[in-house]
Amino acid sequence: MKIETRLTRLLGIDLPICQAGMSWASSNAALPLAVSRAGGLGVLAAGPMYIEALEQAIDDIRAGTDRPFAVNLPLYNKRADQMMDLLEARRVPILVCSQGGTQKYLDRFKAIGTTCLHVVASEEHAVKAMRAGVDGLVVVGGEAGGHPPPTQVSTLVLLRAVARAIGGEIPIIASGGFADGRGLLAALSLGADGASFGTRFIATPEAGVADSYKQAVLSAGVADTDCVGRDVGMIRAIRNDFTRSMTALEGGGADIEVRRDIFARSTLKMAALDGDMALGKVEAGQSAGLVTAIKPASDVVREIAREYAEALMTLPAIA
1 MKIETRLTRL LGIDLPICQA GMSWASSNAA LPLAVSRAGG LGVLAAGPMY IEALEQAIDD
61 IRAGTDRPFA VNLPLYNKRA DQMMDLLEAR RVPILVCSQG GTQKYLDRFK AIGTTCLHVV
121 ASEEHAVKAM RAGVDGLVVV GGEAGGHPPP TQVSTLVLLR AVARAIGGEI PIIASGGFAD
181 GRGLLAALSL GADGASFGTR FIATPEAGVA DSYKQAVLSA GVADTDCVGR DVGMIRAIRN
241 DFTRSMTALE GGGADIEVRR DIFARSTLKM AALDGDMALG KVEAGQSAGL VTAIKPASDV
301 VREIAREYAE ALMTLPAIA
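Going by full-length UniProt numbering, the sequence shown opens with residue 1, and the numbers climb by one from there.
Given below as C-alpha cells:
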C-alpha cells in the first residue's frame with residue numbers, strides 16, 4: 001500500500017508514517033530498520049548513543065535496507081558536535097533535529113543534500129525554522145511523551161495554528177497523540193503531511209527498552225500520564241512514585257533547586273534499561289491508552305496504513 005503526500009514525496013517513503021526518535025527505544029538499528037523496510041520512516045535516536053555505537057547502527061541500517069531512514073539529534077547533547085561530524089561524514093539521508101536552533105547544523109547538512117527536519121512546539125519557532133530553510137517540520141503537541149511543549153497546547157489545536165502560520169510552504173509531521181490509522185487520518189485532515197508515532201512503537205519487540213517498560217505502556221490508560229518538571233525540563237511520563245513526588249513538590253511550591261535535584265535523580269535510563277518502573281522516568285504519551293498489544297514494528301506500520309484506509313472509507317461523502 002502507498003499513501004502519497006508531500007512528505008512521502010520529499011522523503012522517498014511509501015507511507016506518511018514516521019517512527020519517533022526515542023532515546024533507548026530507537027537508539028538501535030532494529031526498530032528504525034523495521035519501520036523503514038515496511039515503507040515508513042525509521043528514526044535512529046542518537047541522543048544516548050556513543051559515537052562508535054551510532055556509527056555501527058547507521059552501518060547496520062544501511063546493510064539491511066536501501067530505503068530512507070533518519071537520525072534524530074538533540075542539539076543540546078554534549079556530544080552533538082561529534083555526532084554532527086559523523087553524520088556529515090556518513091551523509092545520512094534525513095536529519096531530525098530538536099532542542100536547539102537551526103544555525104547549528106542547517107547549512108552544513110543542506111550542502112551535502114541531507115533532508116533537514118526540525119522539531120517545533122509553537123507557531124513562532126515553526127515560522128523561524130521555515131524561514132531559515134528547513135525542509136519540513138515536526139510539530140509536537142501536548143499529548144506527546146518525552147518532552148511536550150510547556151504550554152501543553154494539544155496537537156489538535158497547535159497543528160492547525162502552525163499550518164496556518166507557515167501557509168503550506170513546507171511539509172509538516174504531526175506528533176503527539178497518534179497511535180493508529182484513525183490518528184493518521186486526523187493528522188492529514190488537520191493540515192499535516194504525515195504523523196509521528198512514538199509510544200506505539202515502544203510496544204514492539206524491536207524497541208530497545210526493558211520488557212517492564214513495554215508492559216507499563218500496555219497497562220496505562222489515556223489518563224495515566226503526568227507532566228512533571230516544569231521549569232527544570234518538563235517531561236510526560238507514566239504515573240509512578242517519581243511523578244507523584246514531583247507533582248507533590250510542584251503543587252506545594254517547593255524551591256526550584258529542591259525540585260531540580262529530585263528531577264535529576266530519576267532518569268529515563270533507569271526505566272528503559274534497568275526496568276525501574278517506580279523511580280525511573282517512564283516517558284510515554286497519552287496515546288499509551290490506545291496501545292493494546294506488543295507487535296512487530298513492521299506489522300504496526302501495516303496496521304496503521306490499513307486502519308487509515310478503512311477509516312477513510314467510513315467518512316461521509318458530500319451530498
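Virtual Cβ for every residue (Gly too), placed ideally from N, Cα, C.
I need the boundaries of the alpha helix (DSSP H) containing residue i, first residue and last residue.
i           : result
residue 219 : 211 to 219
residue 267 : Element bounds for residue 267: n/a, residue is neither H nor E.
residue 36  : 30 to 37
residue 311 : 297 to 314
residue 181 : 181 to 189
residue 161 : 155 to 166
residue 63  : 51 to 64
residue 129 : 123 to 132
residue 6   : 6 to 11
Rounded to a whole number of angstroms, what is the C-alpha to C-alpha distance between residue i and residue j?
i           : j           : result
residue 158 : residue 122 : 7 Å
residue 143 : residue 177 : 5 Å
residue 253 : residue 229 : 12 Å
residue 190 : residue 166 : 14 Å
residue 156 : residue 141 : 8 Å
residue 301 : residue 287 : 16 Å
residue 192 : residue 179 : 15 Å
residue 21  : residue 44  : 6 Å
residue 298 : residue 148 : 26 Å
residue 68  : residue 282 : 29 Å
residue 240 : residue 292 : 20 Å
residue 62  : residue 202 : 22 Å
residue 232 : residue 169 : 34 Å
residue 76  : residue 97  : 10 Å
residue 112 : residue 118 : 17 Å
residue 264 : residue 234 : 11 Å
According to DSSP, what are the bridge partners of residue i?
i           : result
residue 140 : 175
residue 238 : 225
residue 118 : 97 and 137
residue 77  : Paired residue(s): none; residue 77 is not in a bridge.
residue 26  : None, per the DSSP bridge assignment.
residue 109 : Note: residue 109 sits in no beta bridge, so no partner.
Compare the beta carbon distance of residue i and residue j with 7 Å and say whether it is the shorter of the two.
i           : j           : result
residue 185 : residue 279 : no
residue 18  : residue 238 : no
residue 83  : residue 95  : no
residue 284 : residue 199 : yes
residue 51  : residue 11  : no
residue 29  : residue 57  : yes
residue 26  : residue 48  : no
residue 181 : residue 307 : yes
residue 106 : residue 132 : yes
If we define contact as Cβ-Cβ less than 7 Å, is residue i a contact residue for chain D?
i          : result
residue 25 : Protein chain content of the structure displayed is limited to a single chain, and chain D is not contained in it.
Start and end of the beta strand (DSSP E) containing residue i?
i          : result
residue 19 : 17 to 19
residue 44 : 42 to 45
Three-pair Cβ contact test at 8 Å for the region 258 to 266 versus the region 20 to 38: At 8 Å Cβ cutoff, the stretches do not touch.
Is it the case that the region 216 to 232 contacts the region 121 to 138, given that we only count it when at least three CB pairs across the two stretches are under 8 Å? Taking one beta carbon from each stretch, the region 121 to 138 and the region 216 to 232 have fewer than 3 pairs nearer than 8 Å; the two do not touch.
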